[in-house]
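Below is one structure, written out as structure tokens; the observations come after it.
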Amino acid sequence: MRLGLSLPVLPQETLPSFVSYVAQKNGSRHVQDFVQDMNLSWRRIQQLDPDTVEELADLTGTDIGALAANSFLPVDGGFFRLRDSDLPKFFLNRPVLKFCPVCVRADHDAHGRTWGRPLWQIDPLWVCPVHGVLLEALEPPDYPRCPHDFAGRIADHRDRVRTSEAVQMAGEAQCFARYISDRLYHHLHRKSLPWLDGLPIDVAARLCENLGILVRLGATTHPKAPDPQVRAEAGALGFAICAEGPDALWDAYETIRRNSPNPKGGFYTDFGFYSTWLQRLSHRERYRPAIDHFRDFVLESYPLAQGQVVLGKACGQRKWITWAELGRRYGMSFGRMSRFQRAVGASGEDLRRVAPAAYARELRILATGLDRKQAAQKLNIHPSVIDDLVNAGLLRHGIVLPKLEKLFLPEDVDALLASVMAGAAVVDVAPEGSFPLGLIGGKAKLKAVGLLQARIAGQLKAAHRLCGVDGIPGRLLDLAEVLDCFAAAPHTGLTRQQLRVHLHVNGATISLLLKSGLIASTQLRAPRSRRWMSSVAPEELERFLSRYLPLGLMAYELGTQARHVAARLDKANVWPIPMPAHCSKIYLREEAAPIIAI
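According to the numbering used here, the stretch in the sequence shown is residues -8 to 589, in order.
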């Protein structure tokens, strides 16, 4: 039997589309009614049953090869075959009827009708590969209209189909659509993309679309939620990245990780639906290169526990850990680790991960170091001496970070103590002339730091360690050796004693002369004892004697007793300058000199 009214199969027309138009041509409003009248099965037509297709070919007078050439043939495992490509059923969206407004109008102009293309049923494809415009979509129909009754559905929406405006898409969106079309129809003139071409076409297309949605809309977006235009633009964005190869895809992953708004999130948080999608794939082997690539990125970029399984592979050697783990490793509290993070300037994505060996020295010091008070206790000295040791360079801070305590290494404190006691014999009782460091400093008028520097430099040989006394106070030094070591060059001026001898006056007089300023003096350290002393320059003594004459000096120069000189001066009505009774008598030279010269 052959129908009197039939139609030709148009280029790339699917079998359901052709049958629905034949049904319409023969006056049937629903394709199921026509098929039933022809004693055929609509379900078997959709499944490309060979016997049914052959019957259709006889019925319509159409070549059997042309009927099924552009339709989806169900195969085992939930796949459909189009030409030589096996496509999983979730790669298709057959209930939603997509169409290109430009194609539809051109079809009517050239053939009097439009027809369904297999490409329009590809779920990630939302741009016409021929005209580069956004595809329109008709939602699944209500019963009794079958979703695969192409001609009937077009007729139901003829006004919308006729008036649809073509939305021109950007170049990358057109490239993505043409890539899918070229892969399915084996166009050899297209540009080769080695890494992407190595994936099955459904894997490559879905990877591009989901990556684009992730980059553009974020990890919390459902991949099917965006409207068609956004999905088309997202697919174009993902295609532009994947077309550059695995390195570009890795860089995109790294950008997503760095820009994550979650300061403590892992890869599930950063990649959201994307990581879940890769983890729950039903045909994992088809996606193996994409899965392995993402898994390697996760293992390389996130602080995972050793043995943690990511997409089928356990983490072996850890490259990153969390700050909390790093703090536990060194026994540091959360608050202290937070202060440390601020001190070292960790911010942004650096707060989410850290290398296991990072800041090893700083954290070891923070965990085991000694603060100023603890270091002083270890050395058994006052904390203020610690500051002197640091200023003198005998002890240095192991770590200095903003808003964190300055700490010393225990080994540095031990080394300082060892250098002070080097070669010191242990004694139960301090030898004669030896005193503890603090007492020596008081006697020699020296700071402890200066004594330690001399001891460490080897200038002080005579040293002992007092048994039972810890720290620096247990170190004994010889006072005589200390005084000799720190003795300065002799002063050129006159001491109080030398001045008293030169002037032949008593000590009280010398004190009064210096205090009143009649004789100017300078305060200096004694060369050996380090005690403060008054020093009078020889020229100052000459200046004083050019105006004054002490009674004792006049008696000494005349070789007589002072009372005889005083009597002569009294007889001549020459009187001493006003002085306390316990002081020696001193006269003005201009008054006394003429008398004693007679």
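Just so you know, even glycine gets a beta-carbon here, dropped at the ideal spot from N, CA and C.
Check: If you drop the 5 nearest sequence neighbours on each side, which residues of the same chain put their C-beta closer than 6 Å to that of PHE9?
Finding: VAL0
Item checked: Boundaries of the beta strand (DSSP E) in which LEU540 is found, first to last residue -> 539 to 541
Check: Is the number of C-beta pairs between the segment 398 to 416 and the segment 499 to 509 that are closer than 8 Å three or more?
Finding: no
Check: So the beta strand (DSSP E) SER425 belongs to, where does it begin and stop?
Finding: 425 to 427
Margin query: Among GLN365, LYS89, ALA366, LYS16, whose alpha-carbon lies nearest the alpha-carbon of GLY103?
Written below: LYS16
Next item on the list: Look at the alpha carbon of ARG96 and the alpha carbon of CYS119, and state the distance between them as a whole number of angstroms.
Entry: 13 Å
Notebook entry, point to check: DSSP beta-bridge partners for LYS592?
Noted result: Nothing about residue 592 can be reported from this structure: the residues present for the chain run from -8 to 589 only.
Check: Tell me which same chain residues have a C-beta within less than 8 Å of the C-beta of ALA557, skipping the five on either side of it?
Finding: LEU542, LYS576
Check: Pick from ASP100, PRO131, GLY162: whose alpha carbon is nearest that of GLN112?
Finding: PRO131
Notebook entry, point to check: Is SER425 closer than 7 Å to HIS388 when the C-beta atoms are compared?
Noted result: no
Notebook entry, point to check: Cα separation between LEU175 and ALA231?
Noted result: 19 Å
Check: Over what stretch of residues does the alpha helix (DSSP H) that includes PRO79 continue unbroken?
Finding: PRO79 -> not in any alpha helix (DSSP H); beta strand (DSSP E) instead, spanning 76 to 79.
Checklist line | Contained beta strand (DSSP E) runs [length at least 3] in the segment 211 to 253, N- to C-terminal order | finding: none
Note to self: For PHE325 and LEU361, which I take to be in contact (beta-carbon distance under 8 Å), what is that distance rounded to the nearest angstrom?
What the structure shows: Not quite, the Cβ-Cβ distance comes to about 23 Å (not below 8 Å), so this is no contact.
Next item on the list: Tell me whether the beta-carbon of VAL44 lies closer than 7 Å to the beta-carbon of LEU31.
Entry: no
Item checked: Range of the contiguous alpha helix (DSSP H) that encloses PHE590 -> This structure leaves residue 590 out entirely; the chain is present only between -8 and 589.
Note to self: For ASP193, which residues in the same chain have their Cβ closer than 7 Å to its Cβ, ignoring the five residues on either side in sequence?
What the structure shows: LEU78, PRO79, PHE82
Next item on the list: Using the Cα positions of LEU317 and LYS182, report the straight-line distance between them to the nearest angstrom.
Entry: 49 Å
Note to self: My assumption, with CB atoms under 8 Å, is that ARG466 sits in contact with LEU428. Please give the rounded CB distance.
What the structure shows: 6 Å
Item checked: Cβ-based neighbour list, VAL674, same chain, cut-off 8 Å, excluding 5 preceding and 5 following -> Outside the displayed range of the chain (-8 to 589) lies residue 674, so it cannot be described from this structure.
Margin query: Going by C-alpha to C-alpha distance, which of LEU560, ALA161, PHE141 sits closest to VAL152?
Written below: PHE141
Note to self: What does the alpha-carbon distance come out to for the pair GLY143 and PRO7?
What the structure shows: 11 Å
Margin query: Please identify the residue among GLU224, ARG534, LEU392, PRO571 whose C-alpha is closest to the C-alpha of VAL335.
Written below: LEU392
Check: If you follow the beta strand (DSSP E) that GLU127 is part of, which residue opens it and which one closes it?
Finding: 127 to 129
Margin query: Applying the 10 Å Cβ sphere with the 16-neighbour rule, what's the burial state of GLU423?
Written below: exposed
Note to self: Taking contact to mean 3 or more Cβ pairs, one atom from each stretch, closer than 8 Å, check whether the segment 216 to 230 and the segment 195 to 206 are in contact.
What the structure shows: yes
Notebook entry, point to check: Is the beta carbon of ARG(-7) less than 7 Å from the beta carbon of GLY52?
Noted result: yes
Next item on the list: Provide the residue span of the beta strand (DSSP E) that contains PRO65, from first to last.
Entry: 64 to 66
Notebook entry, point to check: Do PHE262 and ALA196 have their C-beta atoms within less than 7 Å of each other?
Noted result: no
Check: In three-state DSSP terms, what is THR192?
Finding: The residue you asked about is not Thr; residue 192 is Ile in the sequence shown. Three-state result, ILE192: helix.
Check: Quick one: Cα of ARG313 to Cα of PRO294, how far?
Finding: What sits at residue 313 in the sequence shown is Thr, not Arg. Computed Cα separation, rounded: 6 Å.
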